[in-house]
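Here's the structure, in C-alpha cells; my notes come after.
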Ligand code: PSU
Ligand code: MN
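In UniProt numbering, the protein residues as written are 1 to 301.
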C-alpha cells in the first residue's frame, strides 16, 4: 500500500542514508506561507548531509514515503489536510482522505518502508492536566513498539515533561541526550530534567542502534534528544509567562484532543512576536542535520 519514492527506494536498496521527515509540523505546526519554505529547506538540509530525505504524508488515501515538489506543496497549502496519528491511517486510506502525519504515523510508515532515522521538532507526550483529560500523545505508545531512531529537541515544552519522561521509562523507550546531560526543552535548551545517558557523536548513536538490533525484541525506539543551541533558544522567562497564559486560554476555550498542540504552538508564536517560531525552527534544523549524520554513520557500521 505504501508509495515509496524511487529515489528513496533506490537509496534503501543500496544501503545509503535516508532520513524520514514528518508532515504535521508543516501542515499544522507552522504558519503559512513560511511552512512551505521550511519544508523545502529541511529536505535540502538532509541532502547537505549526503542523505536522502523522505517526507511522509497521506494523499488521496495513499501513504507516501518521499514527496515530490507538488505533493509537498499540497501538504503545505491545501485546505482540509487532516492531522493523522497512526490510528487514523486505515481510516484515511479507506476514505481516500489527505492528511499530514504526526510523529506516531510517520514512525510507523517510515519503519514499514525500512527507514531507520527520523527527525522532528519535539515529540508529543503527556499533557499538563492529564489526570483530568487523559491526554497523552499517541507518539509515546507507538515509539514503544517501533524500531526507529527519532532525533528531536525533547518533547514539546507545553507538556508535563516529568510525567512524559516517566511514561517513556514505563514504556521502555530508550532515551539519550546528545552532547548534554539535561533533557532538552523544545524551545529551551534545558527542560529542567536530567537524562540518564549521553551520546556525543553520530557514530556512537549508530552503535546504540546496532546494539538494539543485536539484543532483539521488543522493537522499541531510540530517542536522541538534541537541544536547540542556547543562543537560539526562547527566553525562558518569556516562555514561562506566555505559556501560562496560553494554557489558561486553551482551557477557557475548551480546546481538546488533536487541536491542543497546534493551538498552543500558534499561541506561543503570536504572543512572542515570532520568537518561539524561530526557536522551534532552529531546533528542527539542528535535528534534521544530526539525523542526516546519524543515517550516514549507520550506513558505515
Ligand atoms: N514538532 C514540532 N511541531 C509539531 C510537531 C512536532 O516542532 O507540530 C507535531 C508532531 O507531529 C507530533 C504532534 O507528533 O505535534 C503531537 O501532537 P499531539 O500532541 O496531538 O499528539
Ligand atoms: Mn493529544
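For every residue, glycine included, the Cβ atom is placed at its ideal position computed from N, Cα and C. Just so we're clear, the structure is a prediction, and the values are computed from it rather than from any experiment.
Coil, strand or helix - residue i by DSSP
i	result
residue 62	strand
residue 50	coil
residue 263	helix
residue 127	strand
residue 156	coil
residue 43	helix
residue 5	coil
residue 98	coil
residue 104	helix
residue 67	coil
residue 117	strand
residue 75	helix
residue 111	helix
residue 231	helix
residue 193	strand
residue 29	helix
residue 90	helix
residue 301	coil
residue 302	Since the first and last residues shown for the chain are 1 and 301, residue 302 lies out of range.
residue 162	helix
residue 22	coil
residue 173	coil
residue 10	helix
residue 329	Since the first and last residues shown for the chain are 1 and 301, residue 329 lies out of range.
residue 180	coil
Burial state of residue i (16 or more Cβ within 10 Å)
i	result
residue 200	exposed
residue 370	This structure does not reach residue 370, given that the chain is present from 1 up to 301, and the question cannot be answered.
residue 254	exposed
residue 44	exposed
residue 132	exposed
residue 23	buried
residue 134	exposed
residue 211	exposed
residue 209	buried
residue 196	exposed
residue 306	This structure cannot settle anything about residue 306, because the visible part of the chain is limited to 1 through 301.
residue 305	Absent from the structure is residue 305, since the part of the chain shown begins at 1 and ends at 301.
residue 185	buried
residue 246	buried
residue 70	exposed
residue 213	exposed
residue 173	buried
residue 190	buried
residue 53	buried
residue 166	exposed
residue 55	buried
residue 14	exposed
residue 289	buried
Contact belief for residue i with residue j at Cβ below 8 Å, rounded distance in angstroms
i	j	result
residue 121	residue 140	The Cβ separation is near 16 Å, so there is no contact.
residue 117	residue 295	4 Å
residue 88	residue 99	7 Å
residue 101	residue 58	7 Å
residue 292	residue 51	4 Å
residue 29	residue 262	7 Å
residue 178	residue 225	6 Å
residue 26	residue 92	Actually they are not in contact, since the Cβ atoms of residue 26 and residue 92 sit about 17 Å apart, beyond 8 Å.
residue 283	residue 144	Not confirmed; about 24 Å, so no contact.
residue 302	residue 242	Because the chain here runs from 1 to 301, residue 302 falls outside it and cannot be looked at.
residue 227	residue 297	20 Å between Cβ atoms; not a contact.
residue 3	residue 62	5 Å
Considering only residues of the segment 238-293, which uninterrupted alpha helix (DSSP H) runs meet the minimum length of 4 residues and lie entirely inside it, listed in chain order?
For the segment 238-293, whole alpha helix (DSSP H) runs of length 4 or above, ordered along the chain, are 260-271.
Quiz prompt | Contiguous beta strand (DSSP E) assignments of at least 3 residues, all confined to the segment 199-227 | solution = DSSP runs (the beta strand (DSSP E)) wholly in the segment 199-227: 222-225.
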